[in-house]
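Trainee: Quick one: the structure is below, questions incoming.
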Amino acid sequence: GAGVSQSPSNKVTEKGKDVELRCDPISGHTALYWYRQSLGQGLEFLIYFQGNSAPDKSGLPSDRFSAERTGGSVSTLTIQRTQQEDSAVYLCASSFQGWNQPQHFGDGTRLSIL
Amino acid sequence: DQQVKQNSPSLRVQEGRISILNCDYTNSMFDYFLWYKKYPAEGPTFLISISSIKDKNEDGRFTVFLNKSAKHLSLHIVPSQPGDSAVYFCAGNNGNQFYFGTGTSLTVIP
Chain A
7 GAGVSQSPSN KVTEKGKDVE LRCDPISGHT ALYWYRQSLG QGLEFLIYFQ GNSAPDKSGL
67 PSDRFSAERT GGSVSTLTIQ RTQQEDSAVY LCASSFQGWN QPQHFGDGTR LSIL
Chain B
887 DQQVKQNSPS LRVQEGRISI LNCDYTNSMF DYFLWYKKYP AEGPTFLISI SSIKDKNEDG
947 RFTVFLNKSA KHLSLHIVPS QPGDSAVYFC AGNNGNQFYF GTGTSLTVIP
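Right under this line is the structure:
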């Protein structure tokens with residue numbers, strides 16, 4: 007499809023395991039963002055990729071979180087040694103250029119840590 | 887620190903009436919605001935935006951008003967339709983990143 011694609015849509019894992027979440031942005035969009043939404047909370051910014059520039063990692067909550075964007079397209083968010091407080095919906099968005107344009111969101115990955 | 891606040895977690899409106907969703911912000915550096923609509927199990931969908939140089943932007947049934955002195959914006963939906971039932975998020979941009987509110991759940995009663 008033409009939208010932002012995220013996989014898996016749901017992920018259940020045990021505390022302490024590592025997880026990888028994938029985002030396939032809209033073709034041609036140079037900017038890619040990761041957010042998470044915990045229960046009853048707004049969207050919390052995690053990380054922002056813009057073209058070939060170094061990513062803005064200012065929102066990552068701990069060093070257990072990391073993200074890559076290979077070839078300026080697909081991105082992977084990795085959470086190591088998951089904790090129960092990591093349970094949330096992780097949303098990826100892309101935009102044509104940068105922060106001054108509306109972001110197009112995927113449907114998210116619902117992560118549950120047991 | 888919640889820079890964007892949506893103080894009403896829910897709103898119920900009769901079909902055909904006006905829905906008014908409110909949003910307050912604290913950061914005077916915000917120069918761009920957006921509203922997103924979110925259905926359950928789906929990602930947010932962009933609805934309407936407004937630049938800080940304007941005080942109103944209209945798109946069909948949706949109008950966003952910005953009051954910079956009060957650091958307040960609102961989304962008006964008129965007439966409201968049952969398909970408008972969703973969670974609405976407002977977001978402010980300081981030129982560096984977006985800050986989202988916690989959302990208001992709108993229910994339009996047929």
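Protein sequences, first through last, are from chains A and B. Those letters in the first sequence? Residues 7 to 120, by the numbering used here. Those letters in the second sequence? Residues 887 to 996, by the numbering used here. We put the CB at the ideal spot given by N, CA and C, even for glycine. Please read these numbers as outputs of a predicted model, since none were measured by experiment.
1) Under a three-way DSSP split, which group does residue 863 of chain B fall into?
2) I want to verify the contact list: residues of chain B whose CB lies under 9 Å from the CB of residue 113 of chain A, in sequence order.
3) Could you give the DSSP three-state label for residue 92 of chain A: helix, strand or coil?
4) So the candidates are A/119, A/115 and A/57; which of them puts its Cα closest to the Cα of residue 43 of chain A?
5) So if DSSP puts residue 30 of chain A in a beta bridge, which residue, or which two residues, is it bridged to?
6) Can you tell which of B/916, B/924, B/893 and B/925 has its C-alpha closest to the C-alpha of residue 936 of chain B?
7) According to the neighbour-count rule (16 or more other Cβ atoms, all chains shown, within 10 Å of its Cβ), is residue 95 of chain A buried or exposed?
8) I need the DSSP call for residue 931 of chain B, collapsed to helix, strand or coil.
9) Kindly say whether residue 948 of chain B, judged by its beta-carbon, lies nearer than 8 Å to any beta-carbon of chain A.
10) So with Cβ pairs under 8 Å, would you call residue 911 of chain B a contact of chain A?
11) Can you pull out the residues from the region 976-992 of chain B whose beta carbon lies closer than 8 Å to at least one beta carbon of chain A?
12) When the Cα of residue 6 of chain A is compared with those of A/38, A/23 and A/50, which residue comes out closest?
13) Run through the region 19-77 of chain A for me and flag every whole beta strand (DSSP E) of 3 or more residues, listed as ranges in chain order.
14) Going along chain A in order, which residues have a C-beta closer than 7 Å to the C-beta of residue 918 of chain B?
15) Any C-beta of chain B sitting closer than 8 Å to the C-beta of residue 47 of chain A?
Mentor: In brief:
1) Residue 863 of chain B cannot be examined here, being either before or after the span of chain B that is shown, 887 to 996.
2) The residue labelled residue 113 of chain A in the question sits at position 107 within the first sequence. Under the 9 Å cutoff, chain B gives 927, 928 and 929.
3) As a position in the first sequence, residue 92 of chain A is number 86, starting the count at 1. Here residue 92 of chain A sits in helix by DSSP.
4) Position 37 of the first sequence holds residue 43 of chain A. The candidate whose alpha carbon is nearest that of residue 43 of chain A is A/115.
5) As a first step, residue 30 of chain A must be located in the first sequence, where it is residue number 24. Answer by DSSP bridge pairing, in chain order: A/11.
6) The residue you call residue 936 of chain B lines up with position 50 of the second sequence. Measuring from the Cα of residue 936 of chain B, the nearest candidate turns out to be B/916.
7) If you number the first sequence from 1, residue 95 of chain A lands on position 89. That one is buried.
8) Here residue 931 of chain B refers to the residue found at position 45 of the second sequence. Here residue 931 of chain B sits in strand by DSSP.
9) Within the second sequence, the letter at position 62 stands for residue 948 of chain B. Taking Cβ atoms only, chain A never reaches closer than 8 Å to residue 948 of chain B, which makes this a no.
10) One-based indexing of the second sequence puts residue 911 of chain B at position 25. So, not an interface residue.
11) 977, 979, 981, 982, 983, 984, 985, 986, 987, 988 and 989
12) The question about residue 6 of chain A has no answer, for chain A in this structure spans 7 to 120.
13) 25-30, 37-43, 49-56 and 71-75
14) Locating residue 918 of chain B in the second sequence gives position 32, where the first residue counts as 1. Chain A residues near residue 918 of chain B: 106.
15) Position 41 of the first sequence holds residue 47 of chain A. Yes, contact with chain B.
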